[in-house]
Structure formats: structure tokens, C-alpha cells
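Input: a single structure, listed below in C-alpha cells.
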Amino acid sequence: MSNALTRKLSPSKIGLAVAAPLAAAVFSILISSLAVIASKKSPIEAFKTMWDYGTESGSLMEIVNTATPYYIAAIAIAVTFRAGLFNIGVEGQLRLGALFSCYIGAMFVLPPVLHVAAVFIVAMTFGGLWAAIAAYLKVKRGVNEVISTIMLNALAGGLSAYLLSKHFAVIEEGSNNLATKELPASAQVPDLMPLLRKVGIEDQPGGGVYGMFFVAVALGLIFWFVVNRTRFGFELRASGLNPIAARVSGVNSKKMTFLALVISGAIAGLAGLPEVLGQTYSYNLGFRAGIGFSAIAVALLGRNSAGGMAVSALLFGFLEVSSRSLELIDIAPETYVIMQGSILLSAVIAYEVVRRFKLTLQSKELAKVVAA
Amino acid sequence: MKAMKLLRYAVMLVFVLASIRVITGASDLTSTGTASAALLLSVPIVLAALGGLFSERSGVVNIGLEGMMIMGAWAGGYIGSQHGPWAGLLAAMIFGSVGALVHAIATVTFGVDHVVSGVAINIIAAGLVRYLSTLMYKSGAWPGPSQSPGIETIPVNGLPILSGGSFFGWKSPDLLGSIANLNWFFVSDLASILRGLTGDVSYVTMVAIAFVPLAYFILWRTAFGLRLRSAGEAPVAAESLGVNVYAMKYAGVLISGGLAGLGGGFLAIVAASNYQENQVAGRGYIGLAALLFGNYRPGGLLAGAGLFGFADALQLRDSAAIHALLLLIVVILAFVAFRKFKSGKQIGAVIALAAAGFTLWFYFAVDELPGQLVTMTPYIATILVMALASQRLRMPAADGIPYRRGGLR
Amino acid sequence: MKKLVLILSIFFFGFASLFGQVEVEDSKVSSIYPNVDERKIIETKWRYTYALHLESNTIFHKAEKGYEYFLYFKYNYTYDQFLNGEFDKGVWSLNGSDLFYSFKHIKNFVIAQITKNVLVLEFEQTNSKGTFQYHFVRVDTKDAPFVKPVNELPDVLVEELGVGQRQRVEILKVLFRGANILIFDEPTAVLVPQEVDDLFQALEGLRAQGMAVIFISHKLDEVLRVADEVTVVRQGSTVAEVKSKDVTARQLAELMVGSELPQPSTQGHTRRDEITLALKDVSIPTATGSRDLISNITFNLHAGEVVGIAGVEGNGQAELVEAIMGLRDYTGSIEFHGDSIDALSVADRHDLGIGLIPEDRQRQALMMTSPLWENRILGHQRSKPVMRGFVIDKKATFESTRTIMQEFDVRAPGPDTLAAALSGGNQQKFIVGREMSKAPALLVASHPTRGVDVGAQGAIWDVLRKAREKGMAIVLISADLEELIGMSDRLLVMLRGTITAELDPAKTTPEQLGSAMTGAA
């Protein structure tokens, strides 16, 4: 088997695997530098500041915390992308998941682990239900899921605002903020500081790493296993790669579409929970918006694979957190948006170019083999 | 002829709306103001849908219309506040095309999946525009980090005699307006709707609506249009006959960007008077929905855009009108139930009837629809329309398929 | 204007639209044909619906002074010779394929139908020598009608035309643009023998008109029939250039392959008593209420038997395959080994032991961007050896893929080669191997050797032969008449969705089969 192994690790293979992200990184550094120069500052100073700030312990923890919801949401999106579908409605699904799980979770008390599990189940149910609307429309009426999920996003925003202000909120004295009743302690997910302290990492003022980090990692592993190693995952991928051939091979395409979208929604429902269960302990007006859209970028950048998305999530988290320091040197912190955007664009193009190159390379190899 | 059938439906609709107005007293349903607003708000949707038309007909799925509209809106605000509204509109078209250029390069030259590229463009455009706005704010040029300074308005005009248009200083009589004020059932409603559609109309609106027959002419009556459409239907065959398919796809996408950008600029300059963040609010996607509703033809998408524009206008004007709209839904559902019953689909008829009953109960049970839900009207309308109008969509045969020259086998 | 004449000049490719009929007194015409009692002058617009079928038995007359002819003359006269009267005078009848010379500056073009079977074409031409008027008279005979409706509905979409008609539209399109060189790539793949004859007549005509034709085909007898010179290409390089009259088909075959071409044939009777597949009154209605896609298909297939389904493409064969595999809803009953499978899903039918070689391998049988080992799983993702429970057994899959590659001579570096990198023939061999690996009792083979190189074709025929001997029942659908006749034990002809004939392949020639397929017989 050494032949197969050396083929797998051959310089050309490694080179190709790295080529795309590398090209993307270079391109985006270029564009971001231009953006910084446009505001009359030095790009080198900007990058250095970001790096210094971003690698402090406190920042690192914050980066992981920022990345966790992105990762969970990206997994949800990747499930559909792999099947050739586009669930752009993750934003709405996670929002509703967070809202309902806070509201319902605060209604009762259960022993700690059970309570958290119950909250998870509620979040997944509502996320999945919301996605099921789009799934039903797609399967029964052929409605394009891109448009329907985006419309559902907007609807979720309005619905959650309405429910929060009219029904779910408890009024706090002296505060403008509307929030659901605070979750009892049994539902709150502790952070990972006890574990980290053992490894010698000190406490930081910003708080610790969310406990849901483990959940995210577990989800990533499950995702990888199911998609690559099980029959369901194979049929999912086949539906995405060649829906006609999948159908001919016996995959029930309507069932697959429906399942993929609903599962995606269920996972997305969990994506709003890290912050809610680990920090704010309730759903309020300040609920972080835009996770769903950044997660789309993370999924695309990570090429819908468990490992790739993890790296991308951390990268996006890094950019977001470290760019706050730019304000200190008087650069608009929104520059990170430019960085994220240019990485996304260049990566998406670079992946395609590399894929084609690989194919040509293989055909040439094949020709040599056949002629021999 | 189809046009006659459409006219019949339109008249029936006006009649039903007039009746509802009388019953509920929601005068906004058929008022001039609402019709005017409906026309105004359907323009960006029409433009986005036309953009989608050119792009999809050339075989490139363009989800990125939203992003191109956002860029157009921002450009409209930026240039429009400094150099006047017309310059702003032009800049909007250009910025939209720049966004489209990126999409075209990614999909046509590099073969990236069309939906992926479109979604990426939307994300990037939103972020880019936010970044630029912050720069503007920081430099003191803009009053806030998410809105531009004001833009002067573009003059309006109307039809002569019927709608009080003024030409060369002479203000013509306003026949339709007078009839509308008489408050006669149905006649006045019809008059006020027509007055709203034909009077005090911005010049840009007229131009934008004129784009619809122009698009039809270009795509179906010129050689360029034929080549563009052949690139979307059978690119391999077209290439073998000498059509430069790559060039046609680029053209389709760039035109779509220009139109979408113009739609965004319209939102900033004509529908509002400055650029605000989140101004576009999903209208790019609604435009796509209108395109699908119209089965990829200009006439159909105009009807779809009108429908969505109406829904949009109502929620801006008066929430009582939305409430009254529920009655309209009851009537439509009853009509659908009747049709299904006649064609033998009993179960479908019963469901429709049940839904009608529920809506009727809902109308009586709820006095006033909550504000947050009212703003959702256009989105709900889009979903409902897409779910119900499941005709045989005939999209261009090679739409969405990345094309590479040399693929005869 | 040149285009107008070109259109006309392509004999069965012109479309003439009869656009309103006006009775006009035309003194010119009556002066030439005074004995005629009916006259109709039909004006042409440039869109046509009738094909002018101008072939042999065409007679034309020499014109009177002031008139010249003509439109129709043998290609070895020049235009000047014609003008000067240097041709045989009198009544000519021309046989074979005749062509038009391309004129420039034509205007005022009129078709006058004098009686039911005499047609006159008139037009004027101006050149440096002056203005001339041309007449062309055509007498219709029983054997050679000059007007053949090619297409009844001028607004019909091309996707609704039959393949032979589409091909004619294609040729027309190309000539309309003034092409001088025409390239035909496997033009006879979808034609029945009679249509092939028509095509070759057209080619003769084009050649005579001075156009250059490149005819690409692997059907060697046709190549020899139609070409003057033959170039043999193998694996992308030219191997030989010969004149067609100097070689036989056999020699060409040897040049192509380096050895003799394989022949499809089956020996002996391997049919067993057991009935593997039984179809009874299977129909698929269309949603729009017009003719059923397939109607009342009934036949039994025994183990060890090959039934060949012959038919022009688009007559329901694809739908029949879909019905058997469960990809489409149908009425009627299908039984497999005596049990009804009507309620079973596609996956269940696969698992029962029905294998499929689909007609379009890239669209229906492969994931092009995936490696071969993943493609091995496709269609078999519910059973061993690729699965262990619901988990993929990667090691077993690799082994199985390697075995298939060896047994079926799939030329590729290894199981992780991407499917897209393989040639068509190797892809097809892989697919055949994959289906055979679970030894199905019934194999539905739809165009199994389409687009496949000669070597792979022979290999696949071998596989099918051996499987038949072992008792596999095979439904063979093909457009290759020799393949059908050679490989089948029985032939069923499908036309417009029904079985119109059952033939014994031992007693059927390709021509007879072709006639049955088009309903001419």
C-alpha cells in the first residue's frame, strides 16, 4: 500500500490542497491592505496590531466563543450544501430556536443535564419546524428554497420581535431592554474555566470559553462521520453531486430534500444557544444578528467539510475579534468585513480553479497509464 | 387572448377591493396614495426582476441581485447627495454592474457554482457597503454611519387631462382625481387607482416601466437577444454556430447588475430621499420571485412585481388596510375553493374553504395587526404567491449550468 | 438574396409556406403553357412550410428567346456555357442528385403551380451580362412527388421534431449562413436506413454544388459509400489516408483497430423455462391527455433470453425502462419472478436483483467528480459488500472496485481515479462491471455501447453473451440495428409507445428492421 500512501502525500497533492487557501489568503491580504491604505493608514501597522491583540489569552477565548456559533450554523448549512440545496434561512432558524428555548426553558426546572438537554431539544424542534416550511414548499410545490428560506428569515425576524415584545418578555425595572425570563441555573451551561485552569490558563476578565464548545466539536465529529461514512451521508452527497444518477440508484429525492432541510434547521436551532446559555441566560433585543450570514461564508470557505469549516470559523472569529483593536490606531474596525469578504470571494474562485487543474492533471496521468 | 383574460381579472380584483373598502372602511385599499406607492415600490422589484431576466436568459443564475441592489443604493446615496439625483442613478447602475462583473468573472470565467457566487456577492456587498459608510461617516461627510445626506428629488409628472400633468408650465385638469373624489362605489375606486398609477409619477418610474417592453424587444426581436437566449438554452449548439457564449453571458450578467443597481439607486433617490442601511430589505429576492412568477417573461414579471409592490405599499401606509386585506384573502380562497370543487378536487376545495373560514375568524378576532407582523407583508406575500402559483416553469434549458467551451460531448 | 436561392436549392431542405392564394392572370406563364386550364400562383414569403422535393425525373424546357434557363443543370457545366447555350437542347431528364448553382442578385421570386403536378419556378437574375429570367418546370410523377410536407406546423418547437427532421433543420441552418465546408459528426447514429439514403443523396448534392463535406463515422460501409477519400484516426492521430475506392470495409476496420471489428452475435438457445420478467398492459399516460407515452406493453421475458427493443428514439423506449425500474408511475402490472413489483420503490427493485445500464452514463450512472470507488457504491448503497450495516466499508469497496477494474479491463490508475478522467468506453465498462457484480437476474441495458470505442464494445458484448448463457434475462434497447439483430433472441419493435411488431432476428435484415421501426412496413 505504500504506493497509495505516497500517492496521497505526494508533493503535488499537498501542493494542490494548500494552493487554494494560500492564493485566497494572499489575495485577501492584498485587498485589505488597499482598503487600509485608502483610509490613509499603514497596512503593516494594522496587521501587527490585530495580531498582537488577537493572540492575547483573553482574545483567544473570545475568538473561540465567537467561532462556536459560526461553526454550528455552518455545519447546518453544509448539510444542505452537500445535498445540492441552499439553506440560507439559518439566521431565522437559529433565532427562533434561541427564542423558544429561552422562553420554554425558563418555565420549569429540571436537574441540570436534563434541563440543558431539554433546552437543546426545544431549540432543535423549532429550528427544524421553521425549516420544514421551506422543505414542504420545495418538495410539494417546487418552490426554490433559496428564496423561500430568505423570506422565512425576514419572517422569523418579525415574528420573534412580535413574540418577544408582546408575549414572551418580562419587563425589567429601569431598563429598556426586553428579555425573556432568565433561565434557571440548571439550564445554564457552565464555561470551561475549571478545565482550563487545570491546564494553567488563567481567568480572563471577559469570561471563559463557552461550554457549548464541546457540543460544537461533537457536532463536527458526528457531521464528518455521518456524511462520509454512512449510507445516509452517501445518498446525501450523491443527491448533491448528480441528482439524476442518485435517483436512478434508488435515492428518494423528495425524502432526501425534506430530511436534509429539516435536519439542517434543527442543527441551526442550536447555533443561537452558545451565547444564550453561556452568557446572557435569556433572549433579548440585543441578540446577536448576522450569525447566519457569516456562517454561510464559513461553510463556503471551509468547503463544507468538518475540518475546513472549523478552521474557517476560527479564522473569521479571529478577524472579527482582533479587528476591534484597529480602533486604537484610528482605523475603522469594519475593515474585518472587507477581509472576510475578499477571503470568501477569492477562496471560492481559487477552489474552482484548483479543482479543474486537478482534473486536467489526472487526465494527463491517465493518458500516460493507458498508453503504456 | 391572454391580455383580455388578464384585464378581466384586474377589473374583478378592483371590484372586490372596492367592496371590501366599503365594508371595512379601510379607504387606503383603493386610494390614490396607495396606488401611487404601489407603483413606486414595484419599480425596484421590476428592475431587479428584469435584471434577473437578462441574467437567467443567458444561463447564469443571479442570486446576487440583492447585493447589486445594495451597491446601487449606496452609490445612489453617495453620488446622489453630492452631484444630484440623475448622477446618482447613473452611479447606481455602474456600481451594480461592478458587482455583477465580479459575479460574471467568478461564474463564467472560473466556473464557480452560480448560487454560491451569488450568495457570496450578497454577503460581500453588504459588508463592503457598511465599511464604506463608516469611512464616510468618519470623514465627516455623512451624518451617520448608516445613512447618507439627503438627495434632491426628481420631478414628477402625470398624464395630461386625466391626471393633472403639467407641461411647459400648463397644469392640465385632473379628471381621474375628480372622479375619485366623488366616492362612487367601484367607479371612484377604479378612478383613484388609475389616478395613482398615472399621476405624479416620477420620470424615472416612467423610464423604468418602459424598460419592460424594451426588454421584450431586445430579447425577442433583435439578433443580440436571440444570441443571448441561445447562450442560455443551448450554449454548445450556439457556440458551434459562432455565437460567443462567454461574451453573451457576460453581457447578460452585466446588464442584470446595471438594472439591479438602478433599482437600488431608485430606492435611495426616488422612493426615499437618502441612503439608509438595510434599505433594500430583501427586494432583490422579491424581484427574483417576481421573475419566477412571470415564468421568465417580461409581461409576467411585471404582473408579479405589481403584486408585490402593492403588498409593500399597503404595509407602509396603513395597518388597517392590511387588516382589511384579510377579507381579500378570504374572497380569493373562496374563489379557489369554488374552482377546485368544479374541477373535481374535493379535498383541495375543502382545505381552501377551511382556510377561508379560518382567515375570516382571524379577521374578526384580531382588531389590529401588530406592527412587526405588518412589515412582514411583502415577504409573506412572496411565499404565498410562490407556493400557490406552481405553474410549469420553463426556465432556460441551460440555466445554472457552468459552461465551458469545447464541450461537444 | 443569395440565401433565398440557397434555400430553394437544397432539395429536401427548403420549407415553402403557402401563404394565401391569389388568382392572378399571368401572361408570361400562359404564353408558355397555353394548354393549361388551372392555374394557381402562389406567392412565397421567406418562411416556408412545404419542402420542395426536387429530385430525379425533373424535366425542363429550353426557354424561348428572351428567357434562359436554368436552374437546374449538371454540375460540370459552367454558368457561362449555360448562358451561351452550350448544352444539349431538347427535353432533359436528369437522374441522381442534382444541384443548384448558386446565383447572386436574385429577385422577384415566384412559384407558380400550373396544375396539380406541374410546378414552375420563376425568377430574374441580373448580372453583368444583363437581366435574365429563369424558369424551372417540374413534372411530378407518382414515384417522385415534388411537394412533400416536411413539417405541418411552422411554429412547432424544434424540441418536438423527430431526429431526422432536426437533422435537416441543422443542415438548412448551416447552408443558410453560406457555409462552404460542412462537417457531419456521426450523422447516421439516429437514422433508419431510408433516412440514411435521403441524407446521402443530400450529401451528393452538396458535393456537386462545390461544397466540401467532412463525414465522421464509425460505420465503415457508409463511409465507403459516401466518401471520396477516407482518413483513419486512432487515439488522436492520423493512421492512414486512403481513397475509398481502394479499400474494403474490412481493411478499414483493421486500420482502425489494428484487428478485426467485433461482431455482435449470440449462439444457441440459452432460454430457460422460468419467466423472469412479465409485463402486462403497462401504460404511462401523459399529463396533457394526448397520446400515452407507452400503452399496453405486454411481453414475457425468460431467464437466459435477450429481448431487443427496437425503435426510433423517442417512441417510448426510455419510458419503458423507467417503468421497469420504478422511476415513473405506470398502470398495468410488472412481475418479477412471478411476484408483482408495482408497489416497490426504485431502491427495492435494485435490491431484488434488477440491474440497469442507463442510456446516458454521465448523467444517469456516474458522479463524474467522484473517484471510482465512490461510484462503485452508487446503486448498491444498501447492501454488501460496500456496506457494513449502515456504514460504508471502505476497504471492501476498494477491493471490489479493483476486482471490477481487473475483470472488465477498465483502464485507469486505480480506484481513486476520478470518473471524469476515464474515457467513455472505460466508464461504460466500469458501469457494466458494477451492475454485474451483484449478478442480477434481470439486466436492463439501454444503449449499452453508445459512444464507446470498438474494443470496449466487443468486451461489453462478450459480457452480455456470457451472462445470457448463465441465465440472466436481458432487455436490450439500442439504436444500433446490427447490435440488436446480433445480440437478441427476440425483437420487439416500438413505435409511438406500443409494440407494433415482433420479429425473429435470425430472419430480419437491418433494412427490414428499419422499415418496421418507422412504420413503413
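Protein chains in written order, with the numbering used here: chain A, 1 to 372; chain B, 1001 to 1409; chain C, 2001 to 2521. Glycine included, every Cβ here is placed at the ideal spot set by N, Cα and C.
Taken atom to atom, the span from the alpha-carbon of E365/A to that of L2418/C is near 11 Å.
Taking all protein chains shown into account, S2383/C has fewer than 16 neighbouring C-beta atoms within 10 Å of its C-beta and is therefore exposed.
The DSSP assignment places complete beta strand (DSSP E) segments of no fewer than 3 residues inside the segment 2407-2491 of chain C at 2442-2446, 2473-2477, in order along the chain. Less than 8 Å separates the beta-carbon of G1096/B from that of M1071/B.
Of all residues in the segment 1320-1351 of chain B, none has a C-beta nearer than 7 Å to a C-beta of chain A. In this structure, DSSP gives G269/A a helical state, which the three-state scheme calls helix.
No Cβ of chain B is located within less than 8 Å of the beta carbon of K138/A. Chain B has no Cβ within less than 8 Å of the Cβ of T180/A. The way I'd put it, the segment 2372-2379 of chain C does touch the segment 2395-2402 of chain C; three or more beta-carbon pairs between them come closer than 8 Å. The beta-carbon separation of M2487/C and T2266/C, rounded to 6 Å, stays under the 8 Å limit for a contact. For T1375/B, the three-state secondary structure derived from DSSP is coil. Contacts with chain A at 8 Å (Cβ-Cβ) do not include V1098/B. Shortest Cα-Cα distance from L1007/B to any of I1094/B, G1299/B, A1356/B, P1402/B involves G1299/B. DSSP lists G1144/B, Q1276/B as the beta-bridge partner residues of Q1147/B.
For F1186/B, the three-state secondary structure derived from DSSP is coil. For chain B, the residues of the segment 21-41 of chain A that bring a beta carbon within less than 8 Å of one of its beta carbons are A35, A38, S39, in chain order.
The Cβ of G158/A sits closer than 8 Å to at least one Cβ of chain B.
The way I'd put it, the segment 130-140 of chain A does touch the segment 252-263 of chain A; three or more beta-carbon pairs between them come closer than 8 Å. Residues of the segment 2483-2507 of chain C whose Cβ lies closer than 8 Å to any Cβ of chain A: none. Less than 8 Å divides the Cβ of K41/A from the Cβ of I329/A. In the structure shown, the three-state DSSP call for N153/A is helix.
Sixteen is the threshold: when 16 or more other Cβ atoms of the shown chains lie within 10 Å of the Cβ of T335/A, as they do, the residue is buried. The CB of V248/A comes closer than 8 Å to the CB of M2325, L2327, V2346, L2356, P2358, Q2364, A2365, G2379 in chain C, given here in chain order. At a cut-off of 8 Å between beta-carbon atoms, R2382/C makes contact with chain A.
For F2390/C, no beta strand (DSSP E) run applies, since DSSP gives it neither H nor E. Residue-level contact by beta carbon holds for T335/A and chain B, with a gap shorter than 8 Å. In the displayed model, F1338/B falls within a helix according to three-state DSSP. Membership of F2299/C in the beta strand (DSSP E) is indicated by the continuous run 2294-2302.
No residue range can be given for A187/A, since it is assigned to no alpha helix (DSSP H) and is classified by DSSP as neither H nor E.
Between M1136/B and chain A, the shortest Cβ-Cβ separation is not below 8 Å.
Boundaries of the beta strand (DSSP E) harbouring A2278/C: 2275-2284, taken from the DSSP string.
Taking every protein chain shown into account, the CB of Q1346/B has fewer than 16 other CB atoms within 10 angstroms, so this residue is exposed.
The beta carbon of F2184/C does not come within 8 Å of any beta carbon belonging to chain A, so the residue lies off that interface. Listed along chain C, the residues sitting closer than 7 Å to F234/A by beta-carbon distance are I2377, Q2381, I2392. Rounded to whole angstroms, the gap between the alpha carbons of H115/A and V189/A is 10 Å.
In this model, M2325/C and V2452/C are separated by some 24 Å (Cα to Cα).
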